[in-house]
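*Asks:*
In the numbering used here, the protein residues as written are 137 to 228.
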C-alpha cells in the first residue's frame with residue numbers, strides 16, 4: 137500500500153509558485169493484519185519563491201506551507217488559506 141496525492145493547481149503568481157494539492161499519507165500500522173494504514177486526507181497550499189539576500193549576495197529559497205485535513209477544508213478555512221497566500225508580497 138502507498139499513499140496517494142493529487143495536484144489541484146500549480147500557478148506562477150507575484151514571482152512565486154503556488155501549489156494547491158491533497159495527499160493521503162500512509163504510515164506503519166501498529167498491530168493488526170495490515171502493515172500500513174492511511175491517515176486522513178490532508179489539504180496543502182504551498183508557495184515557493186527565491187528572494188535576494190541583503191546586499192544582493194545571492195538568492196534564498198523561501199517556502200510557506202499551510203495544511204489542514206480535507207474534511208476541515210470548508211468555506212472559512214479555504215478563505216483563510218486564500219488570504220494567507222494572497223498576502224504574499226504585501227509585506228516588504
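From the three backbone atoms N, C-alpha and C, an ideal C-beta is built for every residue, glycine too. As the structure is a computational prediction, the values presented were derived from the model and not from experiment.
Cα separation between residue 161 and residue 216?
*Replies:* Cα-Cα distance, rounded: 24 Å.
*Asks:* What does a CB cutoff of less than 6 Å around residue 182 pick up in its chain, not counting 5 residues either side in sequence?
*Replies:* The residues are 155, 201.
*Asks:* On the CB-based measure, 16 or more other CB atoms within 10 Å of its CB, does residue 220 come out buried or exposed?
*Replies:* Its Cβ having fewer than 16 others within 10 Å, residue 220 is exposed.
*Asks:* Under the DSSP definition of a beta bridge, which residues are partnered with residue 150?
*Replies:* Answer is none; residue 150 lacks a bridge partner.
*Asks:* Roughly how many angstroms separate the alpha carbons of residue 195 and residue 177, rounded to a whole number?
*Replies:* Going by the C-alpha atoms only, they are around 34 Å apart.
*Asks:* If you follow the beta strand (DSSP E) that residue 180 is part of, which residue opens it and which one closes it?
*Replies:* Residue 180 -> beta strand (DSSP E) spans 178-188.
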